[in-house]
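Enquirer: Residue 77 is where the sequence shown starts when you use our numbering, and the numbers rise one by one after that.
Note that CB positions come from ideal geometry on N, CA and C, so glycine has one too.
Encoded as structure tokens, here's the structure I'll be asking about.
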Amino acid sequence: EIEIGALQQLLEHTMLEFNEDAGWGRQDRQRWTEQYEQLEAQVSEVSLERRRIEQGIEQMQVELKDLRSLLSAGSKLDTVARAALQVELVNNGALARRVELRVDYVVPGAMWRPWHTARLVETAGDKGGHELEFRCDGAVWQATGEDWSDVQLIFSTERPSLGVSPPTLSNDPLRTRRKGATVAVQAREQKVHTAGLGSEKDQRAADELPGIDDGGAVQTLRAAVKTSVPGDGRPHRVPIFDFRSPAEVALVCVPERVPAVLLRSRHGNSAKAPLLAGPVDLVRNSGLVGRSSLLYVAPGERFELGWGP
77 EIEIGALQQL LEHTMLEFNE DAGWGRQDRQ RWTEQYEQLE AQVSEVSLER
127 RRIEQGIEQM QVELKDLRSL LSAGSKLDTV ARAALQVELV NNGALARRVE
177 LRVDYVVPGA MWRPWHTARL VETAGDKGGH ELEFRCDGAV WQATGEDWSD
227 VQLIFSTERP SLGVSPPTLS NDPLRTRRKG ATVAVQAREQ KVHTAGLGSE
277 KDQRAADELP GIDDGGAVQT LRAAVKTSVP GDGRPHRVPI FDFRSPAEVA
327 LVCVPERVPA VLLRSRHGNS AKAPLLAGPV DLVRNSGLVG RSSLLYVAPG
377 ERFELGWGP
């Protein structure tokens, strides 16, 4: 502010000197132009720097406000969630008896997504061959405020928060349109092959959280072992089931997609449960070779995986 004010005052005094020189008949337009342009450039530079500083201060104030909000939320609990349940049991019999009571409830701040691991191994024997070792895990996030210790997890694709009301039915009118008399075709047919990489059809970003495709029917999967999940909001993998399946391996080349020869394997889902859509970690003898994705695969259905070049 002080520097801009000083430059503006200097510019005003310079203009007064120009008027005084013109009144006495001392006209030097080249010198006047150079002085004026120099002062004007200094004023513009200082004004631009001032705007940059103001924008930086505003951004720092916003960041400081966010940090204060996070600090305040982490240092104290404004609200504490409590739940109370009152159960009344009526024994219609004449004698007292022991009963087992089970209560199911839904807590916010917890979710899960399928996460698979596929290992391609070479089988021993005269003819040799390949076998797929496939494992389905459940990635669990929970920030409920309590740690789950030695619990039996049951994974479901049901969405109780969406409700169970039936969809609204409405009329869907169908209309016909007259076909044009002339049809101009200016295209050539070309078949674009796929490499069987198991990629999503919508080419979703790799770091985007995958959804749960249950094939239209609610699926319930039980974890293979009891596990402990801390309430830190981080993903924890819990094994659900695994299976082995013979694999047909081939080298394929799809120039339209990638200029390289890729290794592709075909196999079937020999598990009793379906494979839900999700990411797949690809493991070979040398270790982890990459990550792919998988669509919904029903029990007994064949699917493909790409293992890269």
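Going by the DSSP bridge assignment, what does A194 pair with across the sheet?
Expert: BP columns for A194 point to F210 and L358.
Enquirer: How long is the line joining the alpha carbons of V182 and R342, rounded to whole angstroms?
Expert: Approximately 40 angstroms between the Cα atoms of the pair.
Enquirer: Excluding the 5 residues flanking V373 on each side, which residues of the same chain have their C-beta closer than 7 angstroms to its C-beta?
Expert: Answer for V373: N345, P350, L351 and F379, listed in chain order.
Enquirer: Short of 8 angstroms in beta carbon distance, which residues of its chain neighbour E222, apart from the five on each side in sequence? Order them along the chain.
Expert: Contacts found: G307.
Enquirer: Buried or exposed: which applies to I129, given that a residue is buried once 16 or more other Cβ atoms fall within 10 Å of its Cβ?
Expert: With fewer than 16 Cβ atoms within 10 Å of its Cβ, I129 is classed as exposed.
Enquirer: On the DSSP letters alone, give me the boundaries of the beta strand (DSSP E) that W224 sits inside.
Expert: Looking at the DSSP string, the run of the beta strand (DSSP E) that includes W224 is W224 to V227.
Enquirer: Which partner residues of R340 appear in the DSSP bridge assignment?
Expert: Partner(s): A326 and G382.
Enquirer: My output table needs one value for L370: the three-state DSSP class, helix, strand or coil.
Expert: L370 falls in the strand class under three-state DSSP.
Enquirer: According to the Cβ coordinates, are V216 and H312 closer than 8 angstroms?
Expert: Yes, these two residues count as a Cβ contact at 8 angstroms.
Enquirer: Between which two residues does the beta strand (DSSP E) containing S304 stretch?
Expert: Here the beta strand (DSSP E) through S304 covers T303 to V305.
Enquirer: Determine the direct distance from the alpha carbon of N168 to that of R174, and round the result to whole angstroms.
Expert: So the alpha carbons of these two residues sit roughly 13 angstroms apart.
Enquirer: Which of helix, strand or coil does DSSP assign to Q279?
Expert: With a pLDDT of 46 at Q279, under the threshold of 50, the predicted position of this residue should be treated as unreliable, and no value is reported.
Enquirer: Cα-Cα, which of T109, I316 and R254 is closest to R298?
Expert: If we check each option's Cα against that of R298, I316 comes out closest.
Enquirer: Could you spell out the range, first to last residue, of the beta strand (DSSP E) harbouring T296?
Expert: Unbroken beta strand (DSSP E) run through T296: T296 to R298.
Enquirer: Between L364, A347, L370 and A159, which has its C-alpha nearest V356's C-alpha?
Expert: Per the Cα distances, L370.
Enquirer: Let me make sure I understand the geometry here. Which of D142, E198 and M91 has the alpha-carbon closest to that of S362?
Expert: Looking at the Cα atoms, E198 is the closest of the given residues.
Enquirer: State the DSSP-derived secondary structure class of L124, mapped to helix, strand or coil.
Expert: Helix, per DSSP.
Enquirer: Output the distance between the C-alpha atoms of T220 and G185, rounded to the nearest integer angstrom.
Expert: Rounded to the nearest angstrom, the two C-alpha atoms are 5 angstroms apart.
Enquirer: S232 lies in the beta strand (DSSP E); which residues open and close that run?
Expert: S232 -> beta strand (DSSP E) spans I230 to S232.
Enquirer: Rounded to the nearest angstrom, what separates T296 and E234 at their Cα positions?
Expert: Distance between the alpha carbons of T296 and E234: 8 angstroms.
Enquirer: Applying the 10 Å Cβ sphere with the 16-neighbour rule, what's the burial state of S368?
Expert: It counts as buried.
Enquirer: Tell me the DSSP secondary structure of L92 in three-state form.
Expert: DSSP places L92 in helix when its eight states are reduced to three.
Enquirer: Decide if L250 is buried, meaning its Cβ has at least 16 other Cβ atoms within 10 Å, or exposed.
Expert: L250 comes out exposed.
Enquirer: Please state the DSSP three-state secondary structure of V216.
Expert: It is a strand residue.
Enquirer: Quick one, are the C-beta atoms of T303 and L229 less than 8 angstroms apart?
Expert: Yes, they are a contact pair.
Enquirer: Using 8 angstroms as the threshold, is the C-beta distance between V314 and G384 below it?
Expert: No, these two residues do not count as a Cβ contact at 8 angstroms.
Enquirer: If you measure between the beta carbons of V359 and R340, is that distance less than 8 angstroms?
Expert: It is not a contact, given that the beta carbons lie outside the stated cut-off.
Enquirer: With H, G and I counted as helix, E and B as strand and the rest as coil, what does DSSP make of V365?
Expert: Note: V365 maps to strand in three-state DSSP.
Enquirer: R253 to D142, Cα distance in whole Å?
Expert: Those two C-alpha atoms are separated by around 57 angstroms.
Enquirer: Check L86 in the structure and name its three-state DSSP category.
Expert: Here L86 sits in helix by DSSP.
Enquirer: Helix, strand or coil for G272, going by three-state DSSP, please let me know.
Expert: Summary for G272: the model assigns pLDDT 47, below 50, so the residue's position carries little reliability, and this model does not support an answer.
Enquirer: CB-CB under 8 angstroms to L115, same chain, minus the five flanking residues each way: which ones, in chain order?
Expert: Only L83, L86, L87 and T90 meet the Cβ criterion.
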